[in-house]
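To keep things clear, I will list the structure first and then write my remarks on it.
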Amino acid sequence: LFLASTVLGADLAVRGPQEGTWELDAVKLPNEPNYPEPKKEKKGRRLLMVTATHFCWVQYRFEKGPDSGKAETTMVAGGSYTVQGDTIKEKVEFASAKLLPDVGTIFVITKSRFDGKNWYRTFTSPDGEKEDQRWVRIK
């Protein structure tokens with residue numbers, strides 16, 4: 017473990033609150049007062065895995081419901097990120113075909129805050145569109 021942390025240049029004893037595995041629970045536009053209730057029957061999932069220096073998210077849909085055991089990846093992207101206060105800058109370094117134009121783009125996340133189980137953040141696209149996201153920690 018010590019060798020891994022030394023080689024990777026990461027201090028494994030100190031973790032940021034963003035590190036771990038998350039599932040997108042709800043999205044709302046900034047002018048909406050509340051997050052919508054999560055749907056009972058999910059057609060798919062978006063998971064976000066975050067390490068000390070990198071992120072990767074994958075979105076997939078279930079073939080015949082969440083218990084079918086079969087799912088198809090619909091989008092994936094990832095890369096490196098930096099944190100400064102409550103602002104995170106994600107640089108997309110790889111992506112699935114649908115998101116390939118985003119490679120090299122830096123996405124800004126503001127108002128990043130944690131309440132233990134949930135991660136609230138405002139995602140801003142390069143063209144200025146914003147959405148508030150609520151992610152739930154699953155690992």
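Residue numbers (the working numbering): 17 to 155.
Note that CB positions come from ideal geometry on N, CA and C, so glycine has one too.
- Counting only residues of its own chain and dropping the five nearest sequence neighbours on each side, C72 has a CB closer than 6 Å to the CB of M65, G94.
- The closest CA to that of K114, considering only T89, G144, V152, is found on T89.
- Take P52, set aside five residues on each side of it, and the residues of its chain with a beta-carbon closer than 7 Å to its own are A42, K44, in chain order.
- For G95, the enclosing beta strand (DSSP E) covers residues 87 to 100.
- Looking at R61, K105, N47, the one whose alpha-carbon comes closest to that of V152 is R61.
- Linking T103 to S128 through their CA atoms gives a straight-line distance of about 6 Å.
- Straight across, the Cα-Cα distance linking D143 with K155 is about 32 Å.
- By the Cβ-count criterion, R77 is exposed, with fewer than 16 other Cβ atoms from all chains shown falling within 10 Å of its own Cβ.
- Ranking W135, F139, T140, L40 by CA distance to the CA of G32 puts W135 first.
- DSSP places L115 within a helical segment (H, G or I) once states are collapsed to three.
- For L40, the closest of E48, N47, P49, L63 by C-alpha to C-alpha distance is L63.
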